[in-house]
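Asker:
Residue numbers (mature numbering (1 follows the signal peptide of the UniProt record, and there is no 0)): -24 to -1, 1 to 147.
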């Protein structure tokens, strides 16, 4: 599995959905958000000064926890950018950088040509509240503010399996 570990520990979560062979090959583990468990609140500001919060974004939301030192995070960023562009009217994608300086995240975005919103989690407080221990981790939240999926590890967000998860957020 290609993931970056906080504290060098991989949490083995039981899968509550069938994960295709393609997802398993990518190293992504998908699990449903526990029924009835609310999304931890967060309020962050992206590098352009826009505020983001959940739940209640008004449309579906993908919150991606990442860092520039994490190779799988860097590898999946182009497909997150494409996802953000393709579903711009239905889905907001926020890349939440873990414990790095704004200049570091900004340089990465500029060099990669990424313009999706990048917010900062300078102390790791948001990641802690969302129980993120593996990078990258993406939480998919429906338009009503209900978390639906936790995806741990690198995902091709333009792939058929990922798009099925995303499109299920507004069904």
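By construction, the Cβ of each residue, glycine as well, lies at the ideal position given by its N, Cα and C atoms.
Once the 5 residues before and after residue 21 are set aside, which same chain residues still bring their CB inside 7 Å of it?
Answerer: Numbered from 1 along the chain shown, position 45 holds the residue referred to as residue 21. Correct list, in chain order: 27 and 95.
Asker: Determine, using beta carbons only, whether residue 41 and residue 72 come nearer to each other than 8 Å.
Answerer: As a position in the chain shown, residue 41 is number 65, starting the count at 1. As a position in the chain shown, residue 72 is number 96, starting the count at 1. Yes, the Cβ-Cβ distance between residue 41 and residue 72 is below 8 Å.
Asker: For residue 127, report the span of its beta strand (DSSP E) as first-last.
Answerer: One-based indexing of the chain shown puts residue 127 at position 151. Residue 127 -> beta strand (DSSP E) spans 123 to 128.
Asker: In whole angstroms, what is the alpha-carbon distance linking residue 110 and residue 57?
Answerer: Numbered from 1 along the chain shown, position 134 holds the residue referred to as residue 110. Numbered from 1 along the chain shown, position 81 holds the residue referred to as residue 57. Distance between the alpha carbons of residue 110 and residue 57 is about 21 Å.
Asker: Considering only C-alpha positions, which residue in the set 35, 138, 89 and 132 is nearest to residue 49?
Answerer: Stepping through the chain shown from its first residue, residue 49 is reached at position 73. Here the closest residue by C-alpha is 132.
Asker: Candidates 37, 75, 101 and 62: which alpha carbon is nearest residue 120's?
Answerer: The count along the chain shown starts at 1 and reaches residue 120 at position 144. Of the candidates 37, 75, 101 and 62, the one whose C-alpha sits nearest the C-alpha of residue 120 is 37.
Asker: Let's test the definition: count the other Cβ atoms within 10 Å of the Cβ of residue 118 and tell me whether it reaches 16, buried, or not, exposed.
Answerer: For the purposes of this step, residue 118 is identified with residue 142 of the chain shown, where counting begins at 1. Answer is buried; the Cβ neighbour count reaches 16.
Asker: Whose CA, out of 85, 7, 19 and 29, lies closest to the CA of residue 51?
Answerer: In the chain shown, the residue the question calls residue 51 occupies position 75. If we check each option's Cα against that of residue 51, 85 comes out closest.
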